[in-house]
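Just so we're aligned, residue 76 is where the sequence shown starts under the working numbering, counting upward by one.
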Amino acid sequence: MYIRNIFYFLILLLISGQSVYCQEEDQLIDSLIKLEAETLHTEFYNTIKREPKRAGLYAKVYLHKAKKDQRTLRIVNGYRLMARFNQNDLEKNITYLDSAIAYSKNLDYKYLPTILYVDKGVAYDGYGFFSKALDSYLKGLDFAKKKKEIDFEAVINHNIALLKRKLGKYKEAKSLFKVCLTYEESILSNPENDSIGYLVTLSELVSVYRLDKEIDSAFSLNVRGIRMSEGKTIQDLFRLNEGIIKYYYKDYKTAITNINMALNAFSRPENSYFAENYNLIDAYLFMGKSYAAISQKEQAVHYYKKIDSLVLTTNYLVPEIRETYIAIIDHYKFLGDKNNQLHYINRLLYNDSIIDKRFRSLNTKLIKDYDTPILLSEKEKLIKDLTTKRDQSNYGVIILLFILVITTVFLILNYRKRKLYKTRFEELMKNTTVKPVQKKISNDTIGIATDVVTKIVEGLNEFEKHKGFTKINISSGMLATKLNTNTKYLTKVIKYYRHKSFTNYINDLRIEYIIIALKKDQKLQKYTIKALANEAGFNSTEVFSKHFYNKTGIYPSYFIKRLQQEEK
Numbered sequence: 076m077y078i079r080n081i082f083y084f085l086i087l088l089l090i091s092g093q094s095v096y097c098q099e100e101d102q103l104i105d106s107l108i109k110l111e112a113e114t115l116h117t118e119f120y121n122t123i124k125r126e127p128k129r130a131g132l133y134a135k136v137y138l139h140k141a142k143k144d145q146r147t148l149r150i151v152n153g154y155r156l157m158a159r160f161n162q163n164d165l166e167k168n169i170t171y172l173d174s175a176i177a178y179s180k181n182l183d184y185k186y187l188p189t190i191l192y193v194d195k196g197v198a199y200d201g202y203g204f205f206s207k208a209l210d211s212y213l214k215g216l217d218f219a220k221k222k223k224e225i226d227f228e229a230v231i232n233h234n235i236a237l238l239k240r241k242l243g244k245y246k247e248a249k250s251l252f253k254v255c256l257t258y259e260e261s262i263l264s265n266p267e268n269d270s271i272g273y274l275v276t277l278s279e280l281v282s283v284y285r286l287d288k289e290i291d292s293a294f295s296l297n298v299r300g301i302r303m304s305e306g307k308t309i310q311d312l313f314r315l316n317e318g319i320i321k322y323y324y325k326d327y328k329t330a331i332t333n334i335n336m337a338l339n340a341f342s343r344p345e346n347s348y349f350a351e352n353y354n355l356i357d358a359y360l361f362m363g364k365s366y367a368a369i370s371q372k373e374q375a376v377h378y379y380k381k382i383d384s385l386v387l388t389t390n391y392l393v394p395e396i397r398e399t400y401i402a403i404i405d406h407y408k409f410l411g412d413k414n415n416q417l418h419y420i421n422r423l424l425y426n427d428s429i430i431d432k433r434f435r436s437l438n439t440k441l442i443k444d445y446d447t448p449i450l451l452s453e454k455e456k457l458i459k460d461l462t463t464k465r466d467q468s469n470y471g472v473i474i475l476l477f478i479l480v481i482t483t484v485f486l487i488l489n490y491r492k493r494k495l496y497k498t499r500f501e502e503l504m505k506n507t508t509v510k511p512v513q514k515k516i517s518n519d520t521i522g523i524a525t526d527v528v529t530k531i532v533e534g535l536n537e538f539e540k541h542k543g544f545t546k547i548n549i550s551s552g553m554l555a556t557k558l559n560t561n562t563k564y565l566t567k568v569i570k571y572y573r574h575k576s577f578t579n580y581i582n583d584l585r586i587e588y589i590i591i592a593l594k595k596d597q598k599l600q601k602y603t604i605k606a607l608a609n610e611a612g613f614n615s616t617e618v619f620s621k622h623f624y625n626k627t628g629i630y631p632s633y634f635i636k637r638l639q640q641e642e643k
């Protein structure tokens with residue numbers, strides 16, 4: 076009885092506490108409604124870091140007042156404040172930004188909706204959804220170009236360069252960062268601009284040089300960054316870069332010191348802007364590698380595990396993390412700790428499957444250091460060893476087998492897909508074109524005079540011989556005019572003598588032409604897919620890739636990659 080009374084008392088205390096909090100919140104909202112919109116906006120940013128709940132109330136009241144007054148621009152700003160307040164909840168963040176974008180499309184206002192698409196891209200990027208981030212950046216870039224918002228073009232190109240860097244396209248990323256750096260340098264003399272934008276881009280360029288194994292160039296740029304960032308919080312980014320570069324110079328103790336200084340700085344609230352996931356991953360990775368280099372394995376594994384914890388909380392995955400799991404697995408293998416070994420093998424396999432979806436073009440490179448079939452074989456052996464040493468519940472066994480089956484099915488499907496693509500490539504290398512069956516020209520079947528048909532067929536032969544199909548936006552009307560006939564006769568003749576519709580006839584000729592050209596000309600193999608599409612006569616990269624696949628069963632990127640491998 077006594078315990079039950081205490082229980083009831085605690086519930087009443089909890090309810091009354093919530094009631095008091097709600098009353099206080101209501102009273103605070105009543106007082107905030109009286110404030111001007113500009114004051115609410117300013118106070119939101121003044122309190123978002125030290126009092127996030129209070130900042131949330133400022134955002135709610137700002138949006139409420141904006142809707143009540145039907146002020147569209149303020150409604151957009153209100154939704155953006157709500158998105159900023161919910162930045163740790165991706166779904167809510169994106170929902171509020173989408174609402175802001177919907178309202179902003181009715182406004183002719185500078186930086187809208189460009190800045191909102193940038194916000195969306197950054198939100199998706201922070202959670203590892205790089206494809207969605209790129210979609211948002213490209214939409215923002217389109218608006219920036221249309222409205223001649225040069226500064227935001229630079230911002231978006233900077234962010235796209237970051238994505239290219241994550242995909243391992245270091246030379247492309249380097250080129251973009253250099254363009255951005257040139258722009259940032261051009262506005263440094265403007266008193267309204269500080270050097271932060273320039274220094275952020277410079278820091279990213281240092282990272283790309285380092286990833287592309289140009290360590291001396293990375294060191295030289297980083298020295299400039301340290302000098303220019305003196306007395307500014309961003310100097311810690313260059314301190315991190317310095318530590319990583321010291322690792323490459325095999326000065327491991329200095330590397331540890333510098334990286335640790337950067338990590339301590341990142342933990343301070345005022346530096347949270349620079350504590351991006353990829354910066355933290357770089358810091359933990361090279362702390363681990365530096366400790367491993369001086370034979371302090373436990374410390375190395377400690378930092379590798381910090382990367383795993385970051386991945387678990389943020390779902391942020393990049394190819395660089397793979398080596399940390401391999402190091403952890405090897406560590407526990409050396410210790411004979413099969414439970415932890417199995418745990419991190421499962422983590423590695425799971426992350427591999429996610430990374431494969433996000434970085435398909437890098438799949439081969441990611442797996443080269445730790446071959447998946449060997450990993451699965453070792454996993455199966457570990458499971459058998461563990462089951463002989465202790466009794467496991469049926470539930471646990473079922474879960475392990477389920478994981479094994481799912482993983483095996485995934486690998487089998489992946490293997491079959493690669494094998495099928497290889498077969499199709501080999502068939503394509505043997506035979507490129509199929510000549511149309513030559514039919515005797517007659518007017519009996521299609522109802523057109525024999526001499527007219529003969530003239531059209533001869534015209535088509537000349538059209539094919541001189542590669543007239545590579546002209547972009549060619550239509551049946553244009554070709555009919557060129558052959559001195561009409562569209563109806565032309566399409567009938569193509570249907571009967573080429574066995575295709577006009578569209579498929581033109582597109583097939585283009586694909587056959589570009590396949591032959593790629594096989595003969597190594598320079599073409601270095602073209603982008605967009606440039607190849609234009610070369611063949613397509614005005615759309617998507618249409619080119621789709622028709623290439625429909626005709627050959629493989630994508631142009633795969634075909635080019637295999638051609639380059641064959642030549643090597």
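For every residue, glycine included, the Cβ atom is placed at its ideal position computed from N, Cα and C.
Assigned secondary structure, residue i (DSSP; H/G/I helix, E/B strand, else coil)
i           : result
residue 409 : helix
residue 393 : coil
residue 657 : Because the chain here runs from 76 to 643, residue 657 falls outside it and cannot be looked at.
residue 142 : helix
residue 623 : helix
residue 372 : helix
residue 418 : helix
residue 264 : coil
residue 558 : coil
residue 640 : helix
residue 546 : coil
residue 124 : coil
residue 232 : helix
residue 597 : coil
residue 297 : helix
residue 614 : coil
residue 428 : helix
residue 277 : helix
residue 650 : Shown here, the chain extends from 76 to 643; a query on residue 650 therefore has no answer.
residue 523 : coil
Environment of residue i [buried if 16+ CB atoms lie within 10 Å]
i           : result
residue 547 : exposed
residue 195 : buried
residue 199 : buried
residue 320 : buried
residue 500 : buried
residue 214 : buried
residue 181 : exposed
residue 642 : exposed
residue 534 : buried
residue 386 : buried
residue 416 : buried
residue 160 : buried
residue 429 : exposed
residue 304 : buried
residue 291 : exposed
residue 300 : buried
residue 178 : buried
Cβ-based neighbour list, residue i, same chain, cut-off 7 Å, excluding 5 preceding and 5 following
i           : result
residue 263 : 270, 273
residue 318 : 330, 333, 334, 337, 361
residue 372 : 406
residue 165 : 198, 202
residue 326 : none
residue 531 : 558, 560, 564, 565, 568
residue 616 : 604, 605, 608
residue 78  : Unreliable placement is indicated for residue 78, whose pLDDT of 44 sits below 50; the coordinate value is still reported in the next sentence. Excluding sequence neighbours, residue 78 sits near nothing in its chain.
6 Å CB neighbourhood of residue i in its chain, flanking five on each side removed
i           : result
residue 251 : 232, 236
residue 518 : For residue 518, the predicted structure reports a pLDDT of 49, less than 50, and the residue's modelled location is therefore unreliable. A value from the coordinates is still provided. 524, 525.
residue 513 : Interpretation of residue 513 is limited by its pLDDT of 48, a score under 50 that renders its predicted location unreliable; no figure is taken from the coordinates.
residue 228 : 219
Close Cβ partners of residue i (< 8 Å) along its chain, the five nearest in sequence each way excluded
i           : result
residue 544 : 538, 581, 584, 585, 588, 612
residue 296 : 277, 280, 281, 284
residue 455 : 479
Legend entry - Secondary structure, alpha helix (DSSP H): runs of 4+ residues fully inside the region 309-344: Counting only runs of 4 or more residues that sit fully inside the region 309-344, the alpha helix (DSSP H) segments are 310-323, 327-341, in chain order.
Inset, instruction - Flag this pair as touching only if the region 274-291 and the region 246-266 have three or more C-beta atom pairs under 8 Å; answer yes or no. - result: The count of Cβ pairs closer than 8 Å, one atom from the region 274-291 and one from the region 246-266, reaches three, so the stretches are in contact.
Inset, instruction - Check whether the region 551-566 touches the region 582-593, counting contact only when three or more Cβ pairs, one atom from each stretch, lie closer than 8 Å. - result: Judged by pairs of C-beta atoms under 8 Å, the region 551-566 does not touch the region 582-593, as fewer than three such pairs exist.
Legend entry - Continuous alpha helix (DSSP H) assignments of at least 4 residues falling wholly in the region 146-190: Within the region 146-190, the complete alpha helix (DSSP H) segments at least 4 residues long are 147-160, 165-179, listed from N- to C-terminus.
Legend entry - the region 209-226 in contact with the region 185-194 per 3-pair CB rule at 8 Å: Verdict: yes, contact present.
Legend entry - Cβ contact (3+ pairs, closer than 8 Å) linking the region 540-554 and the region 562-578: Verdict: yes, contact present.
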